[in-house]
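Enquirer: Would you mind keeping the following structure in view while I ask a few things?
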């Protein structure tokens, strides 16, 4: 793992080695299986971005990442009954943008900021998983999932079925007799 510190620490010295060791410890904070799942999710997201003509979001921070995440969430929701793959992608992006390799003094880990530079270009800083559109789309998918799985009202019982149940309960072969009715 290499550490991008924007030139703050020169490579080759003891301090640089200590920073590399600290980065390795930070990377180990997640279980191996979780890191592998996140790497896989990030790889699929990178391929999705590159297919759309955008750079790899694992190495380049740009303003369209939150919108691309929202589009990917939508795609995932179309092929999965669960919102878990979208939540895993958000968690993977959040984790990736809080690693030492993505953090520099000018990059906050707890928010997404888009600013205009002196030339009028939009500069993205921070963690795209914290962008408002990402949170809103994910909340919306969770809400849709809850609605899809829960009927608002039970289907009413037909009069014919109600009559059949009544006939069965009152019949001699019914397990419901005078003793159980008391």
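Residue numbers (the working numbering): -19 to 162. No residue lacks a Cβ here, since even glycine has one placed at the ideal position from N, Cα and C.
#1: Please classify residue 134: does DSSP put it in a helix, a strand, or coil?
#2: Can you grab the Cα-Cα spacing for the pair residue 19 / residue 142, in whole Å?
#3: For residue 148, count neighbouring Cβ atoms within 10 angstroms of its own Cβ and tell me buried if that reaches 16, exposed if not.
#4: Residue 174: buried (16+ other C-beta within 10 angstroms of its C-beta) or exposed?
#5: Reducing DSSP to helix, strand and coil, say where residue 111 ends up.
#6: So for residue 33, helix, strand or coil by DSSP?
#7: Helix or strand or just coil, what does DSSP make of residue 70?
#8: Whose CA, out of 44, 79, 115, lies closest to the CA of residue 101?
#9: With 16 as the cutoff for other CB atoms within 10 Å, does residue 109 come out buried or exposed?
#10: Tell me where the beta strand (DSSP E) around residue 106 begins and ends.
#11: How would you label residue 77, buried or exposed, when you count the other beta carbons within 10 angstroms and need 16 or more for buried?
#12: Where does the unbroken alpha helix (DSSP H) through residue 93 begin, and where does it stop?
#13: Is the beta carbon of residue 28 within less than 7 Å of some heavy atom of the ligand COA?
#14: Quick one: what's got a C-beta closer than 6 Å to residue 125's C-beta in the same chain, skipping five residues either side?
#15: Output the boundary residues of the alpha helix (DSSP H) element that contains residue 140.
#16: Considering only C-alpha positions, which residue in the set 111, 112, 93 is nearest to residue 103?
Expert: A quick look at the data gives this:
#1: coil
#2: 56 Å
#3: exposed
#4: This structure gives no information on residue 174, because the portion of the chain shown stretches from -19 to 162.
#5: coil
#6: coil
#7: helix
#8: 44
#9: buried
#10: 102 to 106
#11: buried
#12: Looking at the DSSP string, residue 93 is not in any alpha helix (DSSP H); the run it does join, the beta strand (DSSP E), is 92 to 96.
#13: Within the structure as shown, the ligand COA is missing, as the structure has no ligands at all.
#14: 63
#15: 139 to 150
#16: 93
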